[in-house]
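This report concerns only the one structure given below.
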Amino acid sequence: MGSRCFDRCCPGIGTMPIFCYPYYPCEPCGLEFDTPSEHEDHLAESPHHHYCKPCRLEFASDGAKQAHLMNSKHHHSDVYCAPCRTLYTQPNNLIMHLRSSIHTPKNVRCPHEACGKVFVSTSALIAHFEASTCRSGVELEDVDHYFAYHCDSQQLFVRKELIYPQRRWQITGHHDGPFECPICHKMFNYAGQIRHHLNSPKHKNHGHKPYVCPSQRCGQAKFYSLSSLLLHRETGDCDMGHRYEFPKILRKLYGIIQQL
């Protein structure tokens, strides 16, 4: 740490220091920073440094830093991805990363013949249907209706009385925003943004969460969409109640979509 001093010239006295304040230099980069946090951010983000921010240690090489991340007791395997050399703040962030297409092969194929896209998980496939990106033309309202009324007849995972038709909103795009959501009052700059927001699972079914996990371990958690329920069961630690029935019910849904 260094310090900078500013002087003034006083007649008859000479130059006198007015005040001094510290600065934090990075000599290899020829940079100076006003605060310790700015200096530390530079060390952590610069490609010229090999710095471990949680431990506040700098290493001579990237290899030395990686060895530290893998072996230090402060960096457990539940938050560190060794192949990607990435440290996460929460174990769940690492779980989601490991389940992404970076580490997980895409082997779940869309059942519709005209589509044929592949995904890393069943939840990603269902999200594909809900987002209206399948060439079958299926969308969120269809997924809700088909699953509740034609697939899960025992209502193991959905409460059909909480499934409602999609509301039709009149959003004019002839003027600039902002546009206010009539339900949650969130503001949007463009008509397309608020249309997408109003058609989201959160605002469908009158704000209800019709999908339910049958596990007692999670307190029978409820969800706005089928894809969210599936993601919960794929990434959580719930006991897999009805684990054999769920795939059978989903195959019914796939069969309906194949015929579209």
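Position 193 of the sequence shown, counted from 1, bears residue number 195 in the numbering used here, the numbering being contiguous throughout.
Every residue, glycine too, gets a C-beta built ideally from N, C-alpha and C.
Do residue j and residue i count as a contact pair if the criterion is CB distance below 9 Å?
i      : j      : result
ARG253 : ASP239 : no
ILE185 : GLY209 : yes
LYS119 : HIS130 : yes
HIS234 : PHE248 : no
HIS205 : ARG169 : yes
SER123 : LEU232 : yes
LEU96  : PRO56  : no
GLU236 : SER74  : no
Would you list the one or two residues that DSSP bridges to residue i?
i      : result
PHE181 : PHE190
VAL120 : ARG111
CYS266 : Since the first residue shown for the chain is 3 and the last is 262, residue 266 is missing from the structure and cannot be characterised.
LYS224 : VAL214
VAL160 : TYR213
Rounded to the nearest angstrom, how far is the Cβ of residue i from that of residue j, given a contact under 8 Å?
i      : j      : result
VAL145 : ILE165 : That belief does not hold up - the Cβ atoms of VAL145 and ILE165 are roughly 10 Å apart, past 8 Å.
TYR213 : SER202 : Not confirmed; about 14 Å, so no contact.
VAL81  : GLN92  : 7 Å
TRP1   : LEU200 : No statement about residue 1 is possible, as the shown extent of the chain runs from 3 to 262 and does not include it.
SER229 : GLU132 : 6 Å
Spatial neighbours of residue i within its chain, please: CB distance less than 6 Å, with the 5 preceding and 5 following residues excluded, ordered by chain position.
i      : result
ILE259 : PRO113, HIS114, SER138 and VAL140
ASP154 : VAL160 and ILE251
PRO53  : For clarity, residue 53 is Tyr in the given sequence; the question names Pro instead. LEU45, ALA46 and GLU60, listed in sequence order.
HIS41  : TYR26 and PHE35
GLY14  : Residue confidence for GLY14 is low, a pLDDT of 48 falling below 50, so the modelled location carries little weight and cannot support an answer.
MET189 : PRO180 and GLU182
MET242 : none
GLN261 : none
Looking only at its chain, what residues have a beta carbon closer than 8 Å to the beta carbon of residue i, apart from the 5 residues adjacent to it on each side?
i      : result
GLY257 : PRO113
PRO85  : HIS105
ALA116 : ARG137 and SER138
LEU100 : CYS83 and THR106
HIS70  : CYS54, CYS57, LEU59, PHE61 and HIS77
ARG197 : TRP171 and ILE173
MET72  : TYR82 and ALA84
Can you name, in chain order, every residue of its own chain whose Cβ lies under 7 Å from the Cβ of residue i, other than the five neighbours on each side?
i      : result
TYR148 : LEU255 and ILE258
LYS162 : ALA150 and TYR151
Taking 9 Å as the threshold (beta carbon to beta carbon), is residue i in contact with chain C?
i      : result
GLY243 : Reference to chain C is not applicable here, since this structure consists of a single protein chain.
For this session: Note down, one range per segment and in chain order, each alpha helix (DSSP H) of at least 4 residues found wholly within the stretch 50 to 97.
Result: Fully enclosed alpha helix (DSSP H) runs of 4 or longer: 64 to 73.
Exercise. Enumerated in chain order, which unbroken segments of the alpha helix (DSSP H) with a length of 4 residues or greater are wholly contained in the stretch 229 to 256?
Worked result: Restricted to the stretch 229 to 256, not a single alpha helix (DSSP H) segment is unbroken, complete and at least 4 residues in length.
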